[in-house]
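Numbering (the UniProt record's numbering), first residue to last: 1 to 515.
To start, the structure itself, in structure tokens.
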């Protein structure tokens with residue numbers, strides 16, 4: 001059995017052992033289905049019989065009533081069962097979770113038992129002209145009495161045609177005011193067979209053999225009001241609330257894939273002989289295997305830490321996004337390295353690493369591209385991790401004249417004066433910062449660490465100094481955002497000697513070169 005995590009409960013350990021054994025016993029059938037390019041419905045039914053398809057569904061609706069750690073365990077192992085692993089994962093975060101969390105009692109009672117019995121779900125966000133900018137949806141839902149009329153298209157929908165239940169996001173208020181407040185979208189439960197709701201196209205993908213992914217056409221689809229999830233205008237919040245869960249499931253899948261890659265590289269290189277020795281003996285291959293193992297261990301810890309936080313009721317916004325970005329990029333690199341270590345054999349379909357390689361690219365695109373996730377991580381972290389990322393306060397050492405870091409408590413603030421005296425105070429703060437951060441601007445809050453003043457007074461003085469050519473200002477909507485002293489400002493603040501610094505060895509051995 002794969003090593004359990006120290007904080008797992010007994011039910012987690014027994015579940016992991018059971019799922020691991022199930023996957024080992026059914027790998028052959030999953031591989032057979034891949035060769036035949038068919039969906040293994042028999043495997044699907046076996047997973048349903050185990051109760052795992054409804055892992056997160058409460059028992060009162062026929063589900064397993066598992067926690068997020070259980071979701072991660074099952075997702076990790078089933079990721080190695082080909083297309084059935086993909087359908088399982090996308091059903092979890094594509095429809096099931098949204099109904100579980102935001103559906104009313106009638107909606108839950110109608111849909112959740114179906115999911116528990118193996119119904120496939122799909123989430124419909126992306127459109128032909130709308131990708132990463134999910135809020136820019138163009139599919140429209142117009143209310144007419146006790147129903148909505150939905151018109152539009154969706155694309156890159158995994159399980160298109162196979163799914164029986166679809167959660168579709170559509171615009172119910174196209175006004176600019178609603179769009180600015182993200183209250184323009186609503187979420188709807190659609191079912192296969194609704195009039196005007198059709199599969200338009202199935203995509204030929206580079207990877208994910210046997211998995212249906214396509215376009216959906218919605219042509220005047222009549223959807224009862226009772227099929228709307230939550231209130232009108234809550235679609236955006238329903239959409240984003242499910243992202244952490246989606247990223248947990250995706251991260252857990254990558255754990256299973258990384259382990260599979262490590263397994264095959266270790267297996268192959270210890271048996272492939274070139275130049276009278278196993279190729280494992282070549283350090284290049286050992287380094288590749290080491291990198292895969294490192295990424296596997298990190299991804300596994302991050303996955304189950306994220307699941308643990310969710311089980312504790314914590315919303316792990318940063319951790320879930322980090323997990324998705326890190327794990328999918330790790331699999332992309334690891335699969336490439338695995339093929340390289342295995343040579344030509346790695347690029348044939350006789351080994352599973354080439355399929356993982358083909359599938360891996362989508363991991364860095366679907367469910368939020370790595371670039372979008374990293375942008376979000378940075379923006380969110382600047383606030384959520386403010387204590388971790390707090391600005392270092394650097395001053396010039398009075399004797400050594402080199403930068404040192406000090407605490408904010410050690411700074412004696414000067415009270416800002418008015419007129420030219422106040423301007424000189426600000427210039428001197430900027431000049432002192434030039435000594436320790438010579439290539440940087442200062443934020444207004446940086447200046448306030450040294451000067452006691454209100455922002456209005458500070459802005460007025462900065463504007464005055466800018467008009468005199470003594471500071472350069474970078475503005476955000478006409479408000480000063482960053483400021484630095486110009487060369488004239490530096491000269492006005494202090495004499496030339498103030499800025500001079502020469503290491504002792506220069507003074508002692510090369511002073512003749514100083515002018």
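Ideal Cβ positions, reconstructed from N, Cα and C, are used throughout, including at glycine.
On a predicted model such as this, the values are computed, not experimentally measured, just so you know.
- For residue 225, same chain residues with a beta-carbon under 8 Å away, outside a window of 5 residues either side, are 143, 146, 147, 148 in chain order.
- By the criterion of at least three beta-carbon pairs nearer than 8 Å, the region 470–484 is in contact with the region 429–443.
- For residue 172, the secondary structure class from DSSP, reduced to helix, strand or coil, is coil.
- For residue 12, the enclosing alpha helix (DSSP H) begins and ends at 10–36.
- Each residue's CA atom was taken as its position, placing residue 181 and residue 291 some 44 Å apart.
- Its chain contains 43, 46, 81 as the residues whose beta carbon lies nearer than 8 Å to that of residue 26, once the 5 sequence neighbours on both sides are disregarded; these appear in chain order.
- Contact annotation: residue 95 and residue 165 have beta-carbon atoms nearer than 8 Å.
- Between residue 385 and residue 174, the alpha-carbon positions lie close to 35 Å from each other.
- For residue 401, no alpha helix (DSSP H) run applies, since DSSP gives it neither H nor E.
- Note: residue 188 is bridge-paired with 168, 228 in the DSSP secondary-structure output.
- Rounded to the nearest angstrom, the Cβ distance from residue 360 to residue 335 is 5 Å, consistent with a contact under 8 Å.
- Just so you know, the alpha carbons of residue 364 and residue 107 end up roughly 33 Å apart.
- In this structure, DSSP gives residue 362 a helical state, which the three-state scheme calls helix.
- With the rule of 3 Cβ pairs closer than 8 Å, the region 100–115 does not count as touching the region 64–78.
- If you check the CB distance, residue 57 and residue 100 come in under 8 Å.
- Between the C-alpha atoms of residue 302 and residue 323 there is a straight-line separation of about 6 Å.
- Just measuring C-alpha positions, the residue of 459, 214, 504, 461 sitting nearest residue 155 is 214.
- By the beta-carbon neighbour count (other beta carbons within 10 angstroms, threshold 16), residue 255 is buried.
- Each of 271, 206, 161, 391 was checked against the Cα of residue 193, and the nearest Cα belongs to 161.
- Taking a contact as a CB-CB distance under 8 Å, the pair residue 435 and residue 396 counts as one, their CB atoms being some 4 Å apart.
- Distance from the CA atom of residue 153 to the CA atom of residue 163, rounded to whole angstroms, is 16 Å.
- In this structure the region 264–282 does not lie against the region 229–248, because fewer than three pairs of beta carbons, one per stretch, are closer than 8 Å.
- A straight-line Cα-Cα distance of about 21 Å links residue 500 and residue 393.
- Less than 8 Å separates the beta-carbon of residue 253 from that of residue 89.
- By the neighbour-count criterion, in which 16 or more other beta carbons inside 10 Å mark a residue as buried, residue 60 falls on the exposed side.
- Non-local C-beta neighbours of residue 113 in its own chain, meaning closer than 7 Å and more than five positions away in sequence, comprise 61, 62, ordered along the chain.
- By the Cβ-count criterion, residue 342 is buried, with 16 or more other Cβ atoms from all chains shown falling within 10 Å of its own Cβ.
- Bridge pairing for residue 393: 406 [DSSP].
- Around the beta carbon of residue 354, a 10 Å sphere encloses 16 or more other beta carbons of the protein chains shown; the residue is thus reported as buried.
- Considering only 122, 186, 55, the residue with the shortest C-alpha distance to residue 238 is 186.
- Taking all protein chains shown into account, residue 64 has 16 or more neighbouring C-beta atoms within 10 Å of its C-beta and is therefore buried.
- In this structure the region 422–433 lies against the region 446–465, because at least three pairs of beta carbons, one per stretch, are closer than 8 Å.
- Distance between residue 159 and residue 273, taken at the CA atoms: about 43 Å.
- Taken through DSSP and simplified to helix, strand or coil, residue 322 comes out as helix.
- Nearest neighbour of residue 358 by Cα position, chosen from 257, 33, 482, 122, turns out to be 257.
- The alpha-carbon separation between residue 329 and residue 370 amounts to approximately 8 Å.
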